[in-house]
Amino acid sequence: GSKQCTITKFFSKK
Amino acid sequence: MLELRLVQGSLLKKVLESIKDLVNDANFDCSATGFSLQAMDSSHVALVALLLRSEGFEHYRCDRNISMGMNLGNMAKMLKCAGNDDIITLKADDGSDTVTFMFESPTQDKIADFEMRLMDIDSEHLGIPEAEYHAILIMPSAEFARICKDLSSIGDTVVISVTKEGVKFSTRGDIGTANVVCRQNTTVDKPEEATVIEMPEPVSLTFALRYLNSFTKATPLSNTVTISLSSEIPVVVEYKIAEMGYIRFYLAPKIEE
Chain A
31 GSKQCTITKF FSKK
Chain B
18 MLELRLVQGS LLKKVLESIK DLVNDANFDC SATGFSLQAM DSSHVALVAL LLRSEGFEHY
78 RCDRNISMGM NLGNMAKMLK CAGNDDIITL KADDGSDTVT FMFESPTQDK IADFEMRLMD
138 IDSEHLGIPE AEYHAILIMP SAEFARICKD LSSIGDTVVI SVTKEGVKFS TRGDIGTANV
198 VCRQNTTVDK PEEATVIEMP EPVSLTFALR YLNSFTKATP LSNTVTISLS SEIPVVVEYK
258 IAEMGYIRFY LAPKIEE
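Those protein sequences? They're chains A and B, same order as listed.
With the numbering used here, letter number 7 in the first sequence gets 37, and the count goes up by one each step, no holes.
With the numbering used here, letter number 103 in the second sequence gets 120, and the count goes up by one each step, no holes.
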């Protein structure tokens with residue numbers, strides 16, 4: 031199956 | 018001192034209706050440039066970014082940058098008490114721990130004010146990198162909402178594939194499968210009815226439909242929706258807010274194990 035990624039994997043904390 | 022007067026108060030009502038079920042508590046940031054918000058949903062799978070530029074307000078006074086923590090459900094409850102044609106003014110004194118929403122009827126014969134306690138919410142802002150998108154889809158927002166709603170009755174994830182033929186939304190579930198293909202169509206009477214696909218290169222991504230359905234609650238804000246896709250990065254679903262700004266929803270993809 032496909033795994034749901036989180037947004038924080040792509041957008042870093044400033 | 019903060020005093021923001023929005024003649025088209027219905028815009029703020031619609032904004033809250035579109036984000037209150039996705040995000041519980043969030044900080045609204047006020048600066049000279051405008052009124053904005055950036056917040057993730059509780060599972061950190063989706064992010065919403067709102068911008069209402071100061072020029073879009075009839076009166077915009079923001080003496081210094083402030084951030085106001087609010088419970089969006091409570092804020093939505095108060096804004097529900099504003100009429101669709103009301104002027105909405107948002108006021109907060111420096112250092113005060115409350116915000117006041119004032120609703121004025123168009124004929125100024127009824128004025129209401131609702132005061133809400135602010136919350137302390139510690140949330141860092143995420144850096145959203147400018148991305149080159151492999152495919153940008155502009156389509157009627159009602160059509161996108163209909164597709165997401167229909168497909169979510171069949172399956173819980175959608176594969177969005179863009180090729181030069183068009184964009185395909187596919188899902189599968191226990192009862193079967195569904196595919197919806199939308200072709201580029203610019204020969205329409207009104208520009209907002211067009212489906213435009215800018216696609217430098219083919220792309221295909223998988224997303225959870227329940228988040229996309231949540232994003233489509235913003236449909237009343239704009240006749241069109243812009244969906245920007247690139248391999249392996251979050252999709253951006255953007256609704257413009259009439260000459261004032263935008264509300265952008267970012268959704269992380271589901272990636273094959």
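Glycine included, each C-beta is placed from N, C-alpha and C at the ideal position.
Near-chain A residues of the segment 130-146 of chain B - C-beta to any C-beta below 7 Å: The residues in question are E141, H142, L143, G144 and I145.
message: In this structure, how does DSSP classify S158/B when only helix, strand and coil are distinguished?
response: As a position in the second sequence, residue 158/B is number 141, starting the count at 1. Residue state, collapsed to three classes: helix.
query: Roughly how many angstroms separate the alpha carbons of E255/B and L23/B, rounded to a whole number?
result: Numbered from 1 along the second sequence, position 238 holds the residue referred to as residue 255/B. Numbered from 1 along the second sequence, position 6 holds the residue referred to as residue 23/B. About 21 Å.
message: So, at 7 Å on beta carbons, what are the nonlocal neighbours of I37/A in its own chain, with the 5 sequence-adjacent residues on each side left out?
response: Counting from one through the first sequence, the residue named residue 37/A turns up at place 7. Once the five neighbours on either side are set aside, I37/A has no close Cβ partner at all.
message: Taking the alpha-carbon of I36/B as reference, which of A129/B, E209/B and M87/B has the nearest alpha-carbon?
response: On the second sequence, residue 36/B is found 19 positions in, with the first residue counted as 1. Considering only alpha carbons, the answer is M87/B.
message: Let me make sure I understand the geometry here. Which of S221/B, Y228/B, L226/B and T241/B has the alpha-carbon closest to that of E273/B?
response: As a first step, residue 273/B must be located in the second sequence, where it is residue number 256. Measuring from the Cα of E273/B, the nearest candidate turns out to be S221/B.
message: I need the boundaries of the beta strand (DSSP E) containing L23/B, first residue and last residue.
response: Taking the first residue of the second sequence as position 1, residue 23/B is located at position 6. Where L23/B is concerned, the enclosing beta strand (DSSP E) starts and stops at L19 to L23.
- request: Can you tell me which of the three DSSP states T38/A falls into?
  value: Taking the first residue of the first sequence as position 1, residue 38/A is located at position 8. When secondary structure is reduced to three states using DSSP, T38/A falls in the helix class.
query: So is I83/B in contact with chain A if we call contact Cβ pairs under 8 Å?
result: Sequence index remark: in the second sequence, residue 83/B carries index 66 (1-based). Not one chain A Cβ lies under 8 Å of I83/B.
- request: Using the Cα positions of S60/B and T50/B, report the straight-line distance between them to the nearest angstrom.
  value: Numbered from its first residue, the second sequence carries residue 60/B at position 43. Numbered from its first residue, the second sequence carries residue 50/B at position 33. Going by the C-alpha atoms only, they are around 30 Å apart.
- prompt: Looking at A129/B and F40/A, is the spacing between their C-beta atoms short of 8 Å?
  reply: Stepping through the first sequence from its first residue, residue 40/A is reached at position 10. Stepping through the second sequence from its first residue, residue 129/B is reached at position 112. Pairing F40/A with A129/B gives a Cβ-Cβ distance that is not under 8 Å.
- prompt: Between D110/B and A99/B, what straight-line distance do the alpha-carbon atoms span, to the nearest angstrom?
  reply: Along the second sequence, one-based indexing puts residue 110/B at 93. Along the second sequence, one-based indexing puts residue 99/B at 82. Per the coordinates, the alpha-carbon of D110/B lies some 22 Å from the alpha-carbon of A99/B.
- prompt: With DSSP run on the structure shown, which of helix, strand or coil describes S35/B?
  reply: Taking the first residue of the second sequence as position 1, residue 35/B is located at position 18. Helix.
- prompt: Where do the N-terminal and C-terminal ends of the alpha helix (DSSP H) with F74/B fall, by residue?
  reply: The sequence position of residue 74/B within the second sequence is 57, counting from 1. DSSP places F74/B outside any alpha helix (DSSP H), giving it a letter other than H or E.
message: Assess contact between the segment 111-118 of chain B and the segment 170-190 of chain B, defined as three or more Cβ pairs (one per stretch) separated by less than 8 Å. Is contact present?
response: These segments do not touch.
- request: Taking 8 Å as the cut-off, decide whether the C-beta atoms of F224/B and T174/B are in contact.
  value: By 1-based counting over the second sequence, the position of residue 224/B is 207. By 1-based counting over the second sequence, the position of residue 174/B is 157. If you check the CB distance, F224/B and T174/B come in under 8 Å.
query: What distance in whole Å lies between the Cβ atoms of A93/B and I145/B, which are believed to be in contact at a cut-off of 8 Å?
result: Here residue 145/B corresponds to residue number 128 of the second sequence, with the count starting at 1. Here residue 93/B corresponds to residue number 76 of the second sequence, with the count starting at 1. Your pair I145/B and A93/B does not check out as a contact, with CB atoms roughly 25 Å apart and the cut at 8 Å.
query: CA-CA distance, N240/B and P157/B?
result: Looking up residue 240/B in the second sequence gives position 223. Looking up residue 157/B in the second sequence gives position 140. If you take the alpha carbons of N240/B and P157/B, they lie about 6 Å apart.
task: Grab the span of the beta strand (DSSP E) containing Y256/B for me, first residue to last.
output: Locating residue 256/B in the second sequence gives position 239, counting from the first residue. Per DSSP, the unbroken beta strand (DSSP E) holding Y256/B starts and ends at V252 to I258.
- prompt: According to DSSP, what are the bridge partners of Q55/B?
  reply: Position 38 of the second sequence holds residue 55/B. Q55/B has A66/B as its beta-bridge partners, per DSSP.
- request: Look at the Cβ atom of Y150/B, then the Cβ atom of L19/B, and state whether they are nearer than 8 Å.
  value: Translated into the one-based positions of the second sequence, residue 150/B becomes position 133. Translated into the one-based positions of the second sequence, residue 19/B becomes position 2. No.
field: Y267/B: contacting residues in chain A (beta-carbon distance under 9 Å)
entry: For the purposes of this step, residue 267/B is taken as the residue at position 250 of the second sequence. The contact set of Y267/B on chain A, defined by CB atoms closer than 9 Å, consists of I37, F40 and F41 in chain order.
- prompt: Residues of chain A with a CB under 8 Å from the CB of L64/B: which are they?
  reply: Taking the first residue of the second sequence as 1, we reach residue 64/B at position 47. Going along chain A in sequence order, the residues near L64/B (Cβ under 8 Å) are I37 and F41.
- prompt: Does E255/B get closer than 8 Å to chain A when you measure Cβ to Cβ?
  reply: Counting from one through the second sequence, the residue named residue 255/B turns up at place 238. Residue-level contact by beta carbon fails for E255/B and chain A, as no gap is shorter than 8 Å.
Bridge partners - Y263/B, DSSP secondary structure assignment: Stepping through the second sequence from its first residue, residue 263/B is reached at position 246. DSSP lists L68/B and K257/B as partners of Y263/B.
message: Counting only Cβ-Cβ distances shorter than 9 Å, please list the residues of the segment 39-64 of chain B near chain A, keeping chain order.
response: Flagged, chain order: M57, D58, S60, H61, V62, A63 and L64.
field: For M95/B, the first and last residue of its enclosing alpha helix (DSSP H)
entry: Along the second sequence, one-based indexing puts residue 95/B at 78. Element bounds for M95/B: L89 to K97.
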